[in-house]
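>
Residue numbers (our numbering), protein chains in the order written: chain A, 52 to 400; chain B, 52 to 400.
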């Protein structure tokens with residue numbers, strides 16, 4: 052029986068007989084695992100879209116449904132903790148479907164010996180973050196695993212949102228000529244985590260950008276912006292989000308690095324560590340694809356809000372090679388911006 | 052700051068400064084943790100109901116929404132695996148809301164080094180179980196944690212179901228005079244897990260009862276049975292489910308042990324191990340509270356289906372002490388059937 056199952060399992064054919072950290076890293080290996088393992092097995096059109104959430108038509112009502120597990124290490128970091136991540140991460144996936152976040156579930160996997168005060172602090176963060184995002188936690192579950200079989204606390208949240216407009220927002224909606232808009236500066240979440248990881252401390256304090264993005268997205272929709280696609284920047288950073296979208300949309304995306312806002316302390320920290328901010332994780336930033344004729348109005352709308360103050364057009368969708376992302380560097384040379392095989396930092400969210 | 056937070060954290064006041072395995076065991080400690088930590092923090096009426104899922108009214112449509120994480124050890128056991136559990140467990144929570152299961156999310160937390168073949172086998176089980184339950188997996192997430200910081204594989208599923216009837220099904224609906232119906236024999240899931248746990252092997256093979264319960268529940272609703280409340284029997288077994296309902300409903304429940312079906316091999320295994328089958332976990336059984344005038348018709352409907360073949364009336368809701376569960380034992384003595392402080396077996400689901 053084992054032999055049969057192995058033979059029919061497509062993933063070991065790629066020489067990975069075991070799950071690696073990279074299979075959860077938001078890069079090429081995770082992409083392969085999802086494409087070869089999960090999508091074929093659970094075959095249905097919603098999953099195959101590879102959107103941030105599923106758009107469900109339930110008796111004529113359009114709902115968005117999404118889930119994420121949070122395994123960030125350490126649990127607390129400048130600008131947030133696993134609790135704020137668990138709320139905002141799922142709120143943002145709903146927002147990327149163009150939905151108004153309404154209801155959350157919360158599943159806690161606790162390691163035996165977790166300090167009750169730590170749990171309490173995380174739960175209070177979740178309470179505040181849920182209130183800030185205007186979402187209700189309506190159902191939950193608690194599990195405890197033996198000491199040494201977990202890592203203090205993992206949290207899963209799933210979310211339901213209401214789609215209140217008729218616009219189809221998905222990679223399939225992208226067109227050559229679309230402007231690529233970025234909602235703010237990049238790299239802060241990843242570098243905030245890095246700043247508290249074992250032994251790595253920077254002089255200046257970099258805070259995570261962790262924030263709920265739904266209001267910003269809903270304001271664009273209210274403004275009548277013809278949003279074609281949205282994608283938040285998480286594991287794998289801006290570069291991975293662009294690559295995923297370029298592949299799903301079958302479009303080429305050209306980016307101008309000079310237009311991508313990176314704060315000086317993030318740039319400095321990245322240089323010290325040999326990291327590229329384009330690949331560093333974010334938790335409160337997204338890219339919007341809109342017709343170029345709507346770009347200025349969209350930027351004005353975003354910049355009027357604190358979370359979108361640094362919004363910028365960073366590139367264009369062009370006719371060219373489907374799936375390709377190119378980057379014009381700060382010195383003017385154009386190169387391919389590829390998908391990394393894994394996240395630079397494991398367990399970033 | 053730490054001192055303030057500790058002072059405002061109610062749980063350590065109960066002398067538990069750390070999370071114990073029992074806090075996830077379905078017994079008294081888990082009950083306290085939920086009541087004192089999660090319900091007050093995430094305060095909203097849906098969570099406070101302590102139902103198996105939240106009943107949401109979305110623009111006039113009634114939906115059920117629920118979540119569970121699965122941390123069962125070992126991953127494979129007679130009659131199922133973590134994949135079948137992850138589908139059926141959440142399907143059953145939707146069924147207990149009287150809902151038709153429609154959509155599932157799936158979040159995988161994998162430990163680095165997990166065998167790809169093991170993952171593949173679990174995913175195939177999920178595929179089959181989802182097809183059997185008529186539910187679609189429409190969105191998902193994969194995370195990987197470092198070797199030694201997990202235990203091969205944890206799965207979270209969240210589910211959405213449609214409530215297709217007007218009946219309010221919840222503990223508040225229970226009335227003195229209601230019959231307590233049990234859908235089948237008890238104790239098989241817990242003893243199946245036990246049979247493969249380290250060093251404990253029985254001669255006869257006991258298979259888990261893991262199964263999707265939605266069809267059985269929907270058939271009762273189609274039959275016009277006036278269901279007042281439903282509860283599936285999971286962690287903590289029949290005794291815990293009865294206690295939770297008696298407390299939530301503010302009612303007394305009297306049970307006749309002679310009426311509770313327990314298969315001979317389960318009874319024998321329990322006796323060897325000193326376990327009480329009333330507290331052993333199940334994954335394909337539920338209790339229904341219906342007016343006694345509907346009891347015979349409900350039993351006939353259930354018994355016509357394989358999953359309900361051994362359905363039986365096991366007791367009555369009576370006026371008496373709110374929250375009390377009493378048991379008339381096999382030799383006729385009546386005693387209080389209490390909530391254990393924890394599950395007899397950790398990580399049963």
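In this text, a Cβ means the ideal position worked out from N, Cα and C, and glycines have one as well.
#1: Which of helix, strand or coil does DSSP assign to residue 311 of chain A?
#2: Where does residue 360 of chain B land, buried or exposed, given buried means 16+ other C-beta within 10 angstroms?
#3: Along the stretch 290–308 of chain B, where does the CB come closer than 9 Å to a CB of chain A? Name the residues.
#4: Taking CB distances under 8 Å as the criterion, tell me whether residue 361 of chain A reaches chain B.
#5: Rounded to whole angstroms, what's the CA-CA distance from residue 313 of chain A to residue 236 of chain A? Just pull it up for me.
#6: With a 10 Å radius around its C-beta and 16 neighbouring C-beta atoms as the bar for buried, classify residue 131 of chain B as buried or exposed.
#7: Does the stretch 170–183 of chain B come into contact with the stretch 138–155 of chain A, if we say contact requires no fewer than three beta-carbon pairs (one atom in each stretch) closer than 8 Å?
#8: On the DSSP letters alone, give me the boundaries of the beta strand (DSSP E) that residue 178 of chain B sits inside.
#9: Spell out whether any CB of chain B is found under 8 Å from the CB atom of residue 353 of chain A.
#10: Give a single yes or no on whether residue 263 of chain A has its beta carbon closer than 7 Å to a heavy atom of the ligand ZN.
#11: Please report the straight-line C-alpha distance between residue 330 of chain B and residue 375 of chain A, rounded to a whole angstrom.
#12: Is there a C-beta anywhere in chain B that falls below 8 Å from the one on residue 151 of chain A?
#13: Report the three-state DSSP secondary structure of residue 139 of chain A (helix, strand or coil).
#14: Contact check, residue 278 of chain A vs residue 269 of chain A under 8 Å by CB: the rounded distance?
#15: Is the stretch 189–200 of chain B touching the stretch 313–327 of chain B, taking contact as three or more C-beta pairs under 8 Å?
#16: On a CA-only basis, which of A:368, A:92 and A:201 is nearest residue 304 of chain A? Give me that one, please.
#17: Let me know if residue 366 of chain B comes out buried or exposed under the rule of 16 or more other beta-carbons within 10 Å of its beta-carbon.
#18: Can you have a look at residue 380 of chain A and say buried or exposed, based on whether 16 or more other CB atoms are within 10 angstroms of its CB?
#19: Measure how close the beta-carbons of residue 229 of chain B and residue 340 of chain B come, nearest whole angstrom, since I'm counting them as under 8 Å.
#20: From the DSSP output, in three-state form, read off residue 389 of chain B for me.
#21: Tell me which same chain residues have a C-beta within less than 7 Å of the C-beta of residue 344 of chain B, skipping the five on either side of it?
#22: Do you know offhand how far residue 96 of chain A's Cα is from residue 79 of chain B's?
#23: Output the boundary residues of the beta strand (DSSP E) element that contains residue 130 of chain B.
#24: Under three-state DSSP, which class holds residue 200 of chain A?
#25: Is DSSP giving residue 321 of chain A helix, strand or coil here?
#26: Out of A:284, A:267 and A:283, which has the shortest C-alpha to C-alpha gap to residue 276 of chain A?
#27: So the candidates are B:171, B:173 and B:390; which of them puts its Cα closest to the Cα of residue 298 of chain B?
#28: At least one CB of chain B closer than 8 Å to the CB of residue 397 of chain A: is that the case?
#29: Tell me the rounded alpha-carbon separation between residue 285 of chain A and residue 392 of chain B.
#30: Would you verify that the beta carbon of residue 119 of chain A is, or is not, closer than 8 Å to some beta carbon of chain B?
#31: Quick check on the burial criterion: 16 or more other C-beta atoms within 10 angstroms. Buried or exposed for residue 53 of chain B?
#32: Span of the beta strand (DSSP E) holding residue 120 of chain B?
#33: I need the straight-line Cα distance from residue 383 of chain B to residue 309 of chain B, nearest angstrom please.
#34: Can you list, in chain order, the residues of the stretch 229–252 of chain A whose Cβ is nearer than 8 Å to any Cβ on chain B?
#35: Would you verify that the beta carbon of residue 189 of chain A is, or is not, closer than 8 Å to some beta carbon of chain B?
#36: From the beta carbon of residue 209 of chain A, is the nearest beta carbon of chain B less than 8 Å away?
This is what the structure gives:
#1: As a first step, residue 311 of chain A is located in the first chain; it is residue number 260 there, counting from the start. Reduced to three states, the DSSP call for residue 311 of chain A is coil.
#2: Here residue 360 of chain B refers to the residue found at position 309 when the second chain is read from its first residue. Burial call: exposed.
#3: none
#4: As a first step, residue 361 of chain A is located in the first chain; it is residue number 310 there, counting from the start. Taking Cβ atoms only, chain B never reaches closer than 8 Å to residue 361 of chain A, which makes this a no.
#5: Mapped onto the first chain, residue 313 of chain A falls at position 262. Mapped onto the first chain, residue 236 of chain A falls at position 185. Cα to Cα, the separation comes out at about 5 Å.
#6: Translated into positions along the second chain, residue 131 of chain B becomes position 80. So residue 131 of chain B ends up on the buried side.
#7: no
#8: Along the second chain, one-based indexing puts residue 178 of chain B at 127. Counting along the chain, residue 178 of chain B falls outside any beta strand (DSSP E), though it belongs to the alpha helix (DSSP H) covering 167–184.
#9: Position 302 of the first chain, counted from the start, is the residue given in the question as residue 353 of chain A. It does not; no Cβ of chain B falls within 8 Å.
#10: Among the components modelled here there is no ligand, and therefore nothing to report on the ligand ZN.
#11: On the second chain, residue 330 of chain B is found 279 positions in, with the first residue counted as 1. On the first chain, residue 375 of chain A is found 324 positions in, with the first residue counted as 1. Each residue's Cα considered, the two are about 58 Å apart.
#12: Start at 1 with the first residue of the first chain, and residue 151 of chain A comes out as number 100. By this cut-off, residue 151 of chain A is not an interface position.
#13: For the purposes of this step, residue 139 of chain A is taken as the residue at position 88 of the first chain. The answer is helix: DSSP assigns residue 139 of chain A an H, G or I state.
#14: Here residue 278 of chain A corresponds to residue number 227 of the first chain, with the count starting at 1. Here residue 269 of chain A corresponds to residue number 218 of the first chain, with the count starting at 1. No, residue 278 of chain A and residue 269 of chain A are not in contact; Cβ-Cβ is about 11 Å, not under 8 Å.
#15: no
#16: Translated into positions along the first chain, residue 304 of chain A becomes position 253. Residue 304 of chain A has its Cα closest to that of A:368, out of A:368, A:92 and A:201.
#17: Translated into the one-based positions of the second chain, residue 366 of chain B becomes position 315. Buried.
#18: Here the question's residue 380 of chain A lines up with position 329 in the first chain. Exposed.
#19: Looking up residue 229 of chain B in the second chain gives position 178. Looking up residue 340 of chain B in the second chain gives position 289. Confirmed, Cβ separation roughly 5 Å.
#20: As a position in the second chain, residue 389 of chain B is number 338, starting the count at 1. Looking at residue 389 of chain B - three-state DSSP - the assignment turns out to be coil, as it is neither helix nor strand.
#21: Reading the second chain from its first residue, position 293 is the one you call residue 344 of chain B. Nothing meets the Cβ criterion.
#22: Counting from one through the first chain, the residue named residue 96 of chain A turns up at place 45. Counting from one through the second chain, the residue named residue 79 of chain B turns up at place 28. Straight-line Cα distance between these residues: approximately 43 Å.
#23: Counted from its first residue, the second chain places residue 130 of chain B at position 79. Careful: residue 130 of chain B lies outside any beta strand (DSSP E) and carries neither H nor E.
#24: One-based indexing of the first chain puts residue 200 of chain A at position 149. In the structure shown, residue 200 of chain A sits in coil (DSSP, three-state: anything other than H, G, I, E or B).
#25: If you number the first chain from 1, residue 321 of chain A lands on position 270. In this structure, residue 321 of chain A counts as helix in the three-state DSSP scheme.
#26: For the purposes of this step, residue 276 of chain A is taken as residue 225 along the first chain, with counting starting at 1. The option with the nearest alpha carbon to residue 276 of chain A is A:267.
#27: Start at 1 with the first residue of the second chain, and residue 298 of chain B comes out as number 247. If we check each option's Cα against that of residue 298 of chain B, B:390 comes out closest.
#28: The residue labelled residue 397 of chain A in the question sits at position 346 within the first chain. Chain B contact via Cβ: present.
#29: Within the first chain, residue 285 of chain A is the residue found at index 234, counting from 1. Within the second chain, residue 392 of chain B is the residue found at index 341, counting from 1. Spanning the two alpha carbons is a distance of roughly 41 Å.
#30: The residue given as residue 119 of chain A occupies position 68 in the first chain. Judged by the 8 Å Cβ criterion, residue 119 of chain A is in contact with chain B.
#31: Here the question's residue 53 of chain B lines up with position 2 in the second chain. Low local confidence applies: a pLDDT of 38 at residue 53 of chain B is under 50, so the model's placement there is unreliable, with the coordinate-based value given in what follows. It counts as exposed.
#32: Counting from one through the second chain, the residue named residue 120 of chain B turns up at place 69. First-last of the beta strand (DSSP E) with residue 120 of chain B: 112–121.
#33: Mapped onto the second chain, residue 383 of chain B falls at position 332. Mapped onto the second chain, residue 309 of chain B falls at position 258. If I take the Cα positions, the gap works out to 9 Å.
#34: none
#35: Within the first chain, numbered from 1, the residue matching residue 189 of chain A stands at position 138. Chain B, which has a Cβ nearer than 8 Å to the Cβ of residue 189 of chain A, makes this yes.
#36: Position 158 of the first chain, counted from the start, is the residue given in the question as residue 209 of chain A. Yes, contact with chain B.
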